[in-house]
Amino acid sequence: MNELANIDYEPFWLSLKLSFITTFILFFFCVGLAYFMSQNKFFGKAFLESIISLPLVLPPSVLGFYLLIFLSPYSFFGKFIEELFGVRLVFNFAGLVVASCIYSLPFMFGPIYAGLNSLKRSLFEASYSLGKSRLTTIFRVILPSIRSNLLTAIVVSFAHTMGEFGVVLMIGGSVAGESKVASIAIFEAVEMLDYTKAHIYALLMLIISFFVLFIVYFLNSKKA
Numbered sequence: 001m002n003e004l005a006n007i008d009y010e011p012f013w014l015s016l017k018l019s020f021i022t023t024f025i026l027f028f029f030c031v032g033l034a035y036f037m038s039q040n041k042f043f044g045k046a047f048l049e050s051i052i053s054l055p056l057v058l059p060p061s062v063l064g065f066y067l068l069i070f071l072s073p074y075s076f077f078g079k080f081i082e083e084l085f086g087v088r089l090v091f092n093f094a095g096l097v098v099a100s101c102i103y104s105l106p107f108m109f110g111p112i113y114a115g116l117n118s119l120k121r122s123l124f125e126a127s128y129s130l131g132k133s134r135l136t137t138i139f140r141v142i143l144p145s146i147r148s149n150l151l152t153a154i155v156v157s158f159a160h161t162m163g164e165f166g167v168v169l170m171i172g173g174s175v176a177g178e179s180k181v182a183s184i185a186i187f188e189a190v191e192m193l194d195y196t197k198a199h200i201y202a203l204l205m206l207i208i209s210f211f212v213l214f215i216v217y218f219l220n221s222k223k224a
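Each residue of the sequence shown is one higher than the one before, counting from 1 in full-length UniProt numbering.
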């Protein structure tokens, strides 16, 4: 019990904060992007789909390395953001959010895109024929029709962000209270042979991961 009281839970709460913010941003971005791509055919669509899916196959160290270069204050983008907002996107929480959104993008986009592509065109046409606007059709007809896909996207993206290691380490380093998330804390605890701390962090991550996946399978089984 003394070990539990002496554990620093800040990395764990920082991981939860990062996961909530990343999931929130990605949800609205991916709903709009997936809807646009499912409704339109345009030159370069396959290329864009490949770009979105890249984080699924790229090693985290490779993605993290190029994000580090891209977000660095020495790059055009990183310098622009720092001069405009006064925020440096490396080795701080803001950079972790940007990196996590890019790294978890396909986990949010994929299920939503698949759900929208599975809908019949007649569903859209029936709504429009009843005088419903496009916005009303999206929120009253389309999104309710892919509830299970939305839930899967949200939960998987949240869990994936919670478990990020390579990318967040490359972008954020290990700054206490700023970028030292639970996965990094586990790694450092093992390096210091503090297996009790590593076990507590790892067990909490295991419980959360199991819980969120259980929610998805349980709710989907009830709708089946």
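Quick reminder that beta carbons are idealized off the backbone N, C-alpha and C, glycines included.
Taking a contact to mean a Cβ-Cβ separation below 8 Å, would you say F65 touches G173 in this structure?
no
Return yes when the Cβ of A198 is within less than 8 Å of the Cβ of A189, no when it is not.
yes
Can you list, in chain order, the residues of its chain whose CB lies under 8 Å from that of I154, leaving out five sequence neighbours each side?
T23, F27 and M108
From this set, V212, S221 and G166, which residue's C-alpha is nearest F20's C-alpha?
V212
How close, in whole Å, do the beta carbons of S72 and H160 come, if the pair is a contact with beta carbons under 8 Å?
The Cβ separation is near 25 Å, so there is no contact.
For K180, tell me which candidate among M162, P144 and L193 has the shortest Cα-Cα distance.
M162
Buried or exposed by the 16-neighbour rule on C-beta atoms within 10 Å, applied to S15:
buried
Rounded straight-line distance, which links the Cα of A114 to that of R121:
14 Å
My output table needs one value for Y74: the three-state DSSP class, helix, strand or coil.
coil
Taking all protein chains shown into account, do 16 or more other C-beta atoms lie within 10 angstroms of the C-beta of P111, making it buried, or fewer, making it exposed?
buried
Pick helix, strand or coil for R88, following the three-state DSSP scheme.
coil
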